[in-house]
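For reference, the structure is listed below as structure tokens.
Residue numbers (this note's numbering), protein chains in the order written: chain D, 821 to 1115; chain P, 18 to 435; chain S, 955 to 1261.
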């Protein structure tokens, strides 16, 4: 970890100018990044009358949190008028097992692809990576058929399995790239000492894997929490995730749209992932730094 | 001995318990996209009625894409072998589902409820597959409305037009006075809505039937169709440049706020006016689209019923179908949604003035043979053909394609989609 | 590898079996993943390919009908617009994310005091689903409601930014929103890569008198090559799957000028009940992507073996 860097910008008068440029660019770009969030927050605290008559990027005439209360507890999504709170817990029930299992399998796969290579393993790895590139719309019908044949259609189990299967390519990629940077000598020494496949994994690699676990968990959580397509097709009624509920709320076809409730609900839907990024962001970077992306 | 008796007693209690539960309670799983606001409340009415009869309603709401997402879900479930009990499907798609052999037969309910006499022929035909009822209609929306802000007209010194020639003159006056003549939402279904109204007006009912219901290539690539595109191009000259992508309700807002004079939209636009506290006849006027006063382009939402094995579910299904066609649901649902009942001969008391106009128009046009299914709202042609028409029309509206070229492309794209 | 003593046949034999099992173990461990991918990726692709040769409409039908769907596809104007858009969008999206991400990473690496906050601000868009942020972007980019109106109200009367409603430029708005969403992640990848570079090489170069730009160009950026690889893979994946982005921002409009193959396929296969046609478009998309990704994967993975 190179926390101490040389002062690369080493000449004083120029240094100030360059630093001004650097800070300037960073802050301008930060504004570009923040604008949508600001718009969403401002809209969520306005009243409908305000939104209808005013500018969509304007300061609210009066600030009210009614839209938030409605979004959480009373907004009508389908025939149930109890807001998004139920769907929130559904998403958690889907995300937690899917993330945990896909990460574990990815870890073991990464271990094999980096330390126990055999003839043809690179081909298998490449074939796995290619799976990253199919657009998910293509697999909806065949997967529905498969799940139906297995008796798992419209169930949370089925949806979790789908998420695991399509997350394997990335989790394996992350772990493999990380384990490749761990010196092979460590493994060789352990084998001479008589340690077997799982023992090496358990005792040597896992303890070193915290950073990449963090990266993987953050990535998978974001992907699965924010997924809409699989959620809408492979779940049913009460077990729908929050993205489906949000879509239902926002997309009324011929009814009156309540933009403030929509925005409030959207922010609520985003809170867990935002939380993960704010809190774990530092560890995320540490995880990436610790060699996860080098070769 | 004692143990056996004990065990038998437990069994007896359990069995008795099973019977004491309402033996006629079935569950209906309903797939629909009426997911928020007034629409959701309307569906809630049906749920309550069904539950009062002891059945349960399992909601499967999927919004987005005007039903597009719901259809994806429905197809996936059909492929998985687990379709819902009822699904919100309308128009010729009902026949397509019938072709798959997965729909149930509602003839018993229809006979008992006298559906053949209570529904206009055009509507009943859509609900049937090979002569048997497979779907039940919920409401009737009229598409070819023009929503007008009379104040804007007054300020511009213009008159509300009833022909396209008049429209061109009056719109020019409005534009000169600094207002936007037509509030336009640049989305393909909205553009198609205006297009089909123009086809009805310029070409007449028979031409509309030939072109947009039969999808006859002769009619699609004809001088009349070229004239329709000409009219559409003329109307496009009176919209503002920010129209592409605009949602329909934001366009209605332009009329409400007095920025624009007119909007071409179906009767659900009324809900926006009402929510903004505007009064019909005073703050806004509902007129038929120019030259379509005798014609009625309808959109009927309906539920198709799938073949289910469970007898309880079947009973619940039939109860749902029966309840939908009964006056009580028809009234409450349609008052909430801004449409009119599809059941003929109902009391009009609960409905407002524009709805009354719609009632009259519905009956009159049914008798005159100008009650026609809306192409833009999936009532007239198969989705593949509708999609092809949409692509041609939206491309026309957003580029400088010539009128005759557009008509030619229309015919060829529709052919390709068949 | 392990010394096998054959002095006592019994013990050697047992070790043989264990050795054999241990060799087999990695393969056994990989097996579930391999089977899952075989079915759910390659199996389904084959199924889609089969369907593209049928005349399926609403639901799958398995009677073969030759190349008719492909012929219709190639004469469909909207398909060509969508394909062109994927190249434009994909290329620009990957380019800007990489360039901007690298630039921001280099800047952030300069011992900035507010690094933590800035980094979080750059990363958060990735946390949000586009269904969440799409409405906001749609308003911002709309000339009548958003940026253009704001600038005009602030006094810049001639300011125009109507790309969103312009058929020629609408696809570029998709690029803007897409870059916004993914640059932060790429920046994080590069920042991590930068921090992992060994200082001594840089110090040596500076001692030799090399200027800063030269150091970046000749030493630092080349050593980030693996990061470029990961970034391009992840960004390509995102570009191809871009569906929500288009649906929410432009709905493919005005007209269908900002349509992409993913939305095209969905519209035709599902909404318009032309399943076989949609399958044909999916296969074309797949072939085109493979034609680009496979050579790239091959060159990068081979290179790794020699590092």
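Backbone N, C-alpha and C define an ideal beta-carbon position, used for all residues, glycine too.
Going by C-alpha to C-alpha distance, which of the options sits closest to residue i?
| i | options | result |
| --- | --- | --- |
| residue 1088(D) | 1102(D), 1069(D), 953(D), 1106(D) | 1069(D) |
| residue 1047(D) | 1206(S), 1105(S), 1102(S), 1083(S) | 1083(S) |
| residue 421(P) | 250(P), 375(P), 271(P), 204(P) | 250(P) |
| residue 346(P) | 153(P), 121(P), 112(P), 83(P) | 153(P) |
| residue 201(P) | 255(P), 103(P), 76(P), 74(P) | 255(P) |
| residue 109(P) | 302(P), 429(P), 392(P) | 392(P) |
| residue 43(P) | 335(P), 155(P), 147(P) | 335(P) |
| residue 1098(D) | 1240(S), 1032(S), 1053(S), 1072(S) | 1072(S) |
| residue 1060(D) | 947(D), 958(D), 973(D) | 973(D) |
| residue 140(P) | 90(P), 401(P), 396(P), 429(P) | 396(P) |
| residue 1245(S) | 1207(S), 1190(S), 1113(S), 1157(S) | 1190(S) |
| residue 1036(S) | 1253(S), 1251(S), 1193(S) | 1193(S) |
| residue 780(D) | 129(P), 107(P), 62(P), 226(P) | Since the displayed chain D opens at 821 and closes at 1115, residue 780(D) lies outside it and no answer follows. |
| residue 1052(S) | 1239(S), 1247(S), 1186(S), 1068(S) | 1186(S) |
| residue 310(P) | 387(P), 240(P), 165(P), 266(P) | 387(P) |
| residue 1034(S) | 1250(S), 1212(S), 1224(S) | 1212(S) |
| residue 838(D) | 1060(S), 1096(S), 1089(S), 1103(S) | 1060(S) |
| residue 435(P) | 1229(S), 1175(S), 1248(S), 1104(S) | 1229(S) |
| residue 142(P) | 319(P), 376(P), 412(P), 349(P) | 319(P) |
| residue 1003(S) | 986(S), 1024(S), 1171(S), 979(S) | 1024(S) |
| residue 406(P) | 229(P), 367(P), 196(P) | 229(P) |
Can you tell me whether residue i is helix, strand or coil according to DSSP?
| i | result |
| --- | --- |
| residue 911(D) | helix |
| residue 1219(S) | helix |
| residue 1087(D) | helix |
| residue 297(P) | strand |
| residue 1042(D) | helix |
| residue 105(P) | strand |
| residue 1232(S) | helix |
| residue 1164(S) | coil |
| residue 319(P) | strand |
| residue 326(P) | coil |
| residue 44(P) | strand |
| residue 1097(D) | helix |
| residue 314(P) | strand |
| residue 146(P) | strand |
| residue 977(D) | helix |
| residue 73(P) | strand |
| residue 892(D) | helix |
| residue 180(P) | coil |
| residue 186(P) | helix |
| residue 412(P) | helix |
Which one or two residues does DSSP pair with residue i in a beta bridge?
| i | result |
| --- | --- |
| residue 12(P) | In the structure displayed, chain P extends from 18 to 435; residue 12(P) sits before or after that span and is not available. |
| residue 197(P) | 277(P) |
| residue 162(P) | 305(P) |
| residue 153(P) | 320(P) |
| residue 203(P) | 261(P) |
| residue 1018(S) | 1008(S) |
| residue 900(D) | 897(D) |
| residue 120(P) | 323(P) |
According to the neighbour-count rule (16 or more other Cβ atoms, all chains shown, within 10 Å of its Cβ), is residue i buried or exposed?
| i | result |
| --- | --- |
| residue 59(P) | buried |
| residue 371(P) | buried |
| residue 364(P) | exposed |
| residue 38(P) | Below a pLDDT of 50, predicted positions are generally treated as unreliable, and residue 38(P), at 43, falls in that range; the measurement from the model is reported next regardless. Exposed is the call here. |
| residue 122(P) | exposed |
| residue 131(P) | exposed |
| residue 922(D) | buried |
| residue 1134(S) | buried |
Beta carbon of residue i: closer than 7 Å to some heavy atom of the ligand GDP?
| i | result |
| --- | --- |
| residue 117(P) | With respect to the ligand GDP, the structure offers nothing, as it holds no ligand at all. |
Task: 3 or more residues per run - each beta strand (DSSP E) lying fully within the region 344–393 of chain P - done: 388–390
Task: Runs of beta strand (DSSP E) wholly within the region 212–293 of chain P (minimum 3 residues, chain order) - done: 277–281
Task: Contained beta strand (DSSP E) runs [length at least 3] in the region 917–957 of chain D, N- to C-terminal order - done: Entirely contained in the region 917–957 of chain D, not one beta strand (DSSP E) run reaches 3 residues.
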